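Colleague:
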Amino acid sequence: VIMVTGGSGLVGKAIEAVVARAPKAEEQWVFLSSKDADLTNFDSTKAVFERVKPTHVIHLAAKVGGLFKNMKYRVEMWKDNIDINNNVMECCRIYKVDKLVSCLSTCIFPHKTTFPIDETMLHNGPPQHSNEGYAYAKRMIDVLNRSYREQYGTLK
Numbered sequence: 002v003i004m005v006t007g008g009s010g011l012v013g014k015a016i017e018a019v020v021a022r023a024p025k026a027e028e029q030w031v032f033l034s035s036k037d038a039d040l041t042n043f044d045s046t047k048a049v050f051e052r053v054k055p056t057h058v059i060h061l062a063a064k065v066g067g068l069f070k071n072m073k074y075r076v077e078m079w080k081d082n083i084d085i086n087n088n089v090m091e092c093c094r095i096y097k098v099d100k101l102v103s104c105l106s107t108c109i110f111p112h113k114t115t116f117p118i119d120e121t122m123l124h125n126g127p128p129q130h131s132n133e134g135y136a137y138a139k140r141m142i143d144v145l146n147r148s149y150r151e152q153y154g155t156l157k
């Protein structure tokens with residue numbers, strides 16, 4: 002079972018469209034939206050993992066709001082996105098998910114950088130100040146994935 006968090010968002014809908022065009026009988030896909038679970042809440046996240054029992058997770062879910070919301074609600078953007086990522090990754094560990102793929106965001110890259118840019122440059126400087134709360138929370142997905150892999154041997 003492949004579970005997609007953020008399944009009602011732009012990337013989630015694109016993946017759903019690709020899957021629908023070439024379905025494979027051996028694959029079962031579950032596309033979650035915020036109506037299915039409050040991923041900022043551990044018990045709600047755990048309940049959806051218990052119900053779906055995913056073997057693979059594509060983690061796209063995030064609290065988003067655009068530039069002005071990111072600027073006005075920095076703390077909430079940080080906290081909610083950190084909670085979402087922590088809860089999803091911990092449930093992946095608890096439920097022994099075989100593979101987790103997480104999606105980051107372009108705003109995570111350093112504001113002052115050289116081009117072309119690639120993912121090895123992710124932590125080479127601070128992001129644009131206006132997106133700081135959201136951007137740093139998204140960056141931490143990279144750190145948390147690596148930490149889970151190194152400490153628990155999971156989330157490969």
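Take any residue in the sequence shown, note its place counting from 1, add 1, and you have its number in my numbering.
Quick reminder that beta carbons are idealized off the backbone N, C-alpha and C, glycines included.
Remember, it's a predicted structure, so these values are computed and weren't measured experimentally.
1) From phenylalanine 69 to leucine 61, what distance separates their C-alpha atoms?
2) Considering only the beta carbon of each residue, do methionine 90 and tyrosine 135 sit closer than 7 Å?
3) Which residues in the same chain have their Cβ closer than 8 Å to the Cβ of histidine 112, if we skip the five residues on either side of it in sequence?
4) Apart from the five residues just before and just after serine 34, which ones in its own chain have a Cβ nearer than 7 Å to its Cβ?
5) Would you call leucine 11 buried or exposed, if buried means 16 or more other Cβ atoms sit within 10 Å of its Cβ?
6) Can you name, in chain order, every residue of its own chain whose Cβ lies under 7 Å from the Cβ of isoleucine 142, other than the five neighbours on each side?
7) Just to confirm, are phenylalanine 32 and valine 5 a CB contact at a threshold of 7 Å?
8) Determine the extent of the beta strand (DSSP E) in which leucine 101 is found, giving its start and end residues.
Modeller: The structure says:
1) In the sequence shown, the residue the question calls residue 69 occupies position 68. In the sequence shown, the residue the question calls residue 61 occupies position 60. Cα to Cα, phenylalanine 69 sits roughly 21 Å from leucine 61.
2) On the sequence shown, residue 90 is found 89 positions in, with the first residue counted as 1. On the sequence shown, residue 135 is found 134 positions in, with the first residue counted as 1. Contact flag unset, no.
3) Against the sequence shown, residue 112 aligns to sequence position 111. These residues qualify, in order along the chain: Gly126, Pro127, Pro128, Gln129 and His130.
4) Sequence index remark: in the sequence shown, residue 34 carries index 33 (1-based). For serine 34, where only same-chain residues beyond five positions count, the Cβ hits under 7 Å are Gly8 and Ser9.
5) Here residue 11 corresponds to residue number 10 of the sequence shown, with the count starting at 1. When all chains shown are included, leucine 11 counts as exposed.
6) On the sequence shown, residue 142 is found 141 positions in, with the first residue counted as 1. Here the set comprises Asn86, Ser103 and Leu105.
7) Counting from 1 along the sequence shown, the entry for residue 32 is found at position 31. Counting from 1 along the sequence shown, the entry for residue 5 is found at position 4. Going by C-beta atoms, phenylalanine 32 is nearer than 7 Å to valine 5.
8) Counting from 1 along the sequence shown, the entry for residue 101 is found at position 100. Its beta strand (DSSP E) spans residues 100-103.
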